[in-house]
Amino acid sequence: MTRPEFAHDDIATAYQQYIDGHGFLSWLGLSVETVEDGRVVFAAPYDEKLTNPASDGVVHGGITASLVDTASGFALRTTFDDPATARLTTTDLDVSYLRPATGDLRVEAEVIRAGSSMGVTDALVTTEREDGEWVDVAVGRTSYRLMGEP
Numbered sequence: 001m002t003r004p005e006f007a008h009d010d011i012a013t014a015y016q017q018y019i020d021g022h023g024f025l026s027w028l029g030l031s032v033e034t035v036e037d038g039r040v041v042f043a044a045p046y047d048e049k050l051t052n053p054a055s056d057g058v059v060h061g062g063i064t065a066s067l068v069d070t071a072s073g074f075a076l077r078t079t080f081d082d083p084a085t086a087r088l089t090t091t092d093l094d095v096s097y098l099r100p101a102t103g104d105l106r107v108e109a110e111v112i113r114a115g116s117s118m119g120v121t122d123a124l125v126t127t128e129r130e131d132g133e134w135v136d137v138a139v140g141r142t143s144y145r146l147m148g149e150p
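Quick look at the structure:
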């Protein structure tokens, strides 16, 4: 079967609509920046509600892990015939924290392999420092069970 061609702008719009209608992801303020075959970039603005109490404004590590998982799943969806109806579930999520996140966040996820039943992605989360420089805060690798389209 030949994979249909999807306009990346259409997929990005569909992803953003899904995020906007999702309680947790919309609460994060997640926005779609880039969608390509096997790769996405999402952004989340810094918000005090995402920080650990008494941590001098450091974003909670669970937020960072959620960004890795979410972007990775959406990147894998681009490998399906129809990204909008693709079904998958996380089987393994590994996040290595490099430094505290204290500003706006960006996550880039890239598909390493998408097989018939399993997919693997790598992700990088960065934060914007006060001087405007973007620095790495976490790297992640995620595995998924791919269940295809319904």
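The sequence shown begins at 1 in UniProt numbering and counts up one residue at a time. From the three backbone atoms N, C-alpha and C, an ideal C-beta is built for every residue, glycine too.
In three-state DSSP terms, what is residue 98?
To locate residue 98, count along the sequence shown from 1; it is residue 98. Here residue 98 carries a coil assignment [DSSP, helix/strand/coil].
In angstroms with no decimal places, state the Cα-to-Cα distance between residue 139 and residue 123.
Working through the sequence shown from its first residue, we reach residue 139 at position 139. Working through the sequence shown from its first residue, we reach residue 123 at position 123. Distance between the alpha carbons of residue 139 and residue 123: 6 Å.
Under three-state DSSP, which class holds residue 58?
Position 58 of the sequence shown, counted from the first residue, corresponds to residue 58. When secondary structure is reduced to three states using DSSP, residue 58 falls in the coil class, being assigned neither helix nor strand.
Top-ranked residue by Cα proximity to residue 38, from 132, 120 and 29
As a first step, residue 38 is located in the sequence shown; it is residue number 38 there, counting from the start. 120 is the residue among 132, 120 and 29 whose C-alpha sits nearest the C-alpha of residue 38.
Along the chain, where does the beta strand (DSSP E) containing residue 23 start, and where does it finish?
The residue given as residue 23 occupies position 23 in the sequence shown. Here residue 23 belongs to no beta strand (DSSP E); instead the alpha helix (DSSP H) covers 23-28.
Check whether the Cβ atoms of residue 43 and residue 129 sit closer than 7 Å, and answer yes or no.
Reading the sequence shown from its first residue, position 43 is the one you call residue 43. Reading the sequence shown from its first residue, position 129 is the one you call residue 129. No, the pair does not count as a contact, with Cβ atoms beyond the cut-off.
Tell me, to the nearest whole angstrom, how far the beta carbon of residue 148 is from that of residue 87; I am working on the premise that it is less than 8 Å.
On the sequence shown, position 148 is the one that residue 148 refers to. On the sequence shown, position 87 is the one that residue 87 refers to. Residue 148 to residue 87, Cβ: 6 Å. Contact.
Inter-stretch contact (C-beta, 8 Å, three-pair minimum) for the segment 98-114 and the segment 62-71
Yes, since at least three Cβ pairs between the segment 98-114 and the segment 62-71 fall closer than 8 Å, the two stretches touch.
Residue 131 versus residue 50: straight-line alpha-carbon distance, rounded
Position 131 of the sequence shown holds residue 131. Position 50 of the sequence shown holds residue 50. For residue 131 and residue 50, the gap between their C-alpha atoms comes out near 21 Å.
Quick one: Cα of residue 85 to Cα of residue 136, how far?
Along the sequence shown, read from residue 1 onward, the residue named residue 85 stands at position 85. Along the sequence shown, read from residue 1 onward, the residue named residue 136 stands at position 136. Residue 136 has its alpha-carbon roughly 32 Å from the corresponding atom of residue 85.
Helix, strand or coil: which one does DSSP assign to residue 72?
The sequence position of residue 72 within the sequence shown is 72, counting from 1. In the displayed model, residue 72 falls within a helix according to three-state DSSP.
Using the beta-carbon count (16 or more within 10 Å), is residue 4 buried or exposed?
Here residue 4 refers to the residue found at position 4 when the sequence shown is read from its first residue. With a pLDDT of 41 at residue 4, under the threshold of 50, the predicted position of this residue should be treated as unreliable, though the coordinate-derived value follows. Residue 4 is exposed by the Cβ-count criterion.
Determine the direct distance from the alpha carbon of residue 141 to that of residue 82, and round the result to whole angstroms.
Taking the sequence shown and counting its residues from 1, one reaches residue 82 at position 82. Taking the sequence shown and counting its residues from 1, one reaches residue 141 at position 141. Residue 82 and residue 141 have their C-alpha atoms roughly 24 Å apart.
Boundaries (first-last residue) of the beta strand (DSSP E) holding residue 42:
Here the question's residue 42 lines up with position 42 in the sequence shown. Boundaries of the beta strand (DSSP E) around residue 42: 39-44.
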